[in-house]
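Read in UniProt numbering, the sequence shown has 231 at position 231, and its numbers run on one by one without any break. For every residue, glycine included, the Cβ atom is placed at its ideal position computed from N, Cα and C. Computed from a prediction, not measured in an experiment: that's the story for all the values here. Have a look at the structure below, then the notes.
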Amino acid sequence: MGRRRTEAEEHENHERWLVSYADFITLLFAFFVVMYSLSSVNEGKYRVLSDSLVQAFRSVSVNESGTQMVVQPMPVTTGPIPVPKLDRAKAAAEQAKQRAREAAVKKVRNMADEIRRVLKPLSEGGQVLVTEGANGIKVEINAEVLFAPGEALLGAPAVSALSAVAQVLSEAEFPIIIEGHTDNVPINTYRFPSNWELSAVRASSVVRLFVNAGVAPSRLTAAGYGDQRPVADNDTPESRSRNRRVTLLIESMLVDEDLPPVVPLRRDDAIQTILPSASAEPPAARSSVN
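Here you go:
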């Protein structure tokens with residue numbers, strides 16, 4: 001009995017290390033949970049905690065002999081992360097581009113307001129419409145305030161109003177397209193065999209006035225569309241009067257410059273089958289009121 005009792009007292013538990021190991025794993029798991037929660041809630045707090053732990057673990061170390069050795073902690077960067085020079089140059093270029101765009105938008109708006117001001121006597125009667133868009137300013141003037149019926153010679157009030165517009169436009173560098181439009185009532189005179197000639201000569205008359213007023217000729221384009229681009233139907237005298245107009249397009253082009261180029265349609269493109277045909281019979285001859 002004495003021998004068995006001695007063997008039982010001398011028995012050692014070789015698995016006691018599992019208790020310490022389990023405590024260590026539990027603490028390590030809790031540590032990573034805290035780190036994760038801090039990083040997901042506030043990145044600044046996570047960085048502060050991380051830097052503090054790095055300094056604490058690097059400040060003191062123990063060598064093989066058990067002697068503590070003080071180690072200089074690694075420097076920690078607390079300021080903003082330095083930005084490469086290439087990124088700075090790109091950001092500066094983008095900012096300069098944005099400032100230039102904002103200046104151009106402001107310039108176009110001021111120009112549109114000035115055009116409205118000088119054309120106010122005509123716009124009060126609803127004869128002038130000034131609109132702004134991504135492609136620039138559009139000024140639509142009823143032909144009745146510019147020309148006599150069936151004529152392309154500008155009247156004295158029209159010359160005064162358009163000369164004021166030309167003074168506003170001469171200070172800019174944007175291209176200007178001047179379009180002449182008529183209604184669908186045909187004309188057949190010695191000077192104007194059709195509405196094509198009438199609309200083109202009316203646009204050219206405005207271009208000639210702009211050139212004489214100081215607008216650079218290289219910025220100007222005259223186009224006559226006849227009755228091919230109506231803005232209202234031609235069933236009533238009021239709608240026909242609406243279609244007889246001269247349109248000024250100031251192309252400021254306040255859109256992205258890096259858009260893909262326009263690809264022309266091929267002759268065998270399937271979309272050609274749904275486009276309107278260019279051939280159409282002319283309307284019956286009627287008296288001209290263009």
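Please classify glutamate 179 as buried or exposed, where buried requires at least 16 neighbouring CB atoms within 10 angstroms. Position 179 of the sequence shown, counted from the start, is the residue given in the question as residue 179. In this structure glutamate 179 is buried. Its beta-carbon is surrounded by 16 or more other beta-carbon atoms within 10 angstroms.
To which residues of the same chain is isoleucine 141 closer than 6 Å at the C-beta, ignoring the five residues directly before and after it? Working through the sequence shown from its first residue, we reach residue 141 at position 141. So the list reads Val128, Val246, once near-sequence residues are dropped.
To the nearest angstrom, report how far apart leucine 209 and alanine 93 are at their CA atoms. Here the question's residue 209 lines up with position 209 in the sequence shown. Here the question's residue 93 lines up with position 93 in the sequence shown. So the two alpha carbons sit approximately 41 Å from each other.
Which residues in the same chain have their Cβ closer than 8 Å to the Cβ of serine 160, if we skip the five residues on either side of it in sequence? Taking the sequence shown and counting its residues from 1, one reaches residue 160 at position 160. Taken in chain order, the list of residues that qualify is empty.
Does valine 231 pass the burial test, meaning 16 or more other C-beta atoms within 10 Å, or should it be called exposed? The residue you call residue 231 lines up with position 231 of the sequence shown. Exposed, because fewer than 16 other Cβ atoms sit within 10 Å of the Cβ of valine 231.
Reduced DSSP secondary structure (H/G/I, E/B, other) of glutamate 251: By one-based count along the sequence shown, residue 251 stands at place 251. Residue state, collapsed to three classes: coil.
Is the beta carbon of leucine 198 less than 7 Å from the beta carbon of threonine 182? The residue you call residue 198 lines up with position 198 of the sequence shown. The residue you call residue 182 lines up with position 182 of the sequence shown. Cβ atoms of leucine 198 and threonine 182: closer than 7 Å.
Taking contact to mean at least 3 C-beta pairs separated by less than 8 Å, is the segment 217–237 in contact with the segment 184–201? yes
Where does the unbroken alpha helix (DSSP H) through alanine 166 begin, and where does it stop? Here residue 166 refers to the residue found at position 166 when the sequence shown is read from its first residue. Run containing alanine 166: 156–169, per the alpha helix (DSSP H) assignment.
Where do the N-terminal and C-terminal ends of the beta strand (DSSP E) with alanine 200 fall, by residue? What you label residue 200 is simply residue 200 of the sequence shown in a count that begins at 1. No beta strand (DSSP E) holds alanine 200; the alpha helix (DSSP H) holding it covers 195–212.
Spatially closest choice to leucine 146 from Tyr21, Leu220, Arg244, Glu251, by CA coordinates: To locate residue 146, count along the sequence shown from 1; it is residue 146. Residue Arg244 is the option with its Cα nearest to leucine 146.
In chain order, what residues of the same chain lie with their CB nearer than 8 Å to the CB of alanine 112, ignoring the 5 residues before and after it? Translated into the one-based positions of the sequence shown, residue 112 becomes position 112. Cβ within range, chain order: Val130, Glu132, Ile137.
If you measure from the CB of aspartate 183, is any heavy atom of the ligand PLP nearer than 6 Å? Questions concerning the ligand PLP fall outside what the structure shown contains, since it holds no ligand whatsoever.
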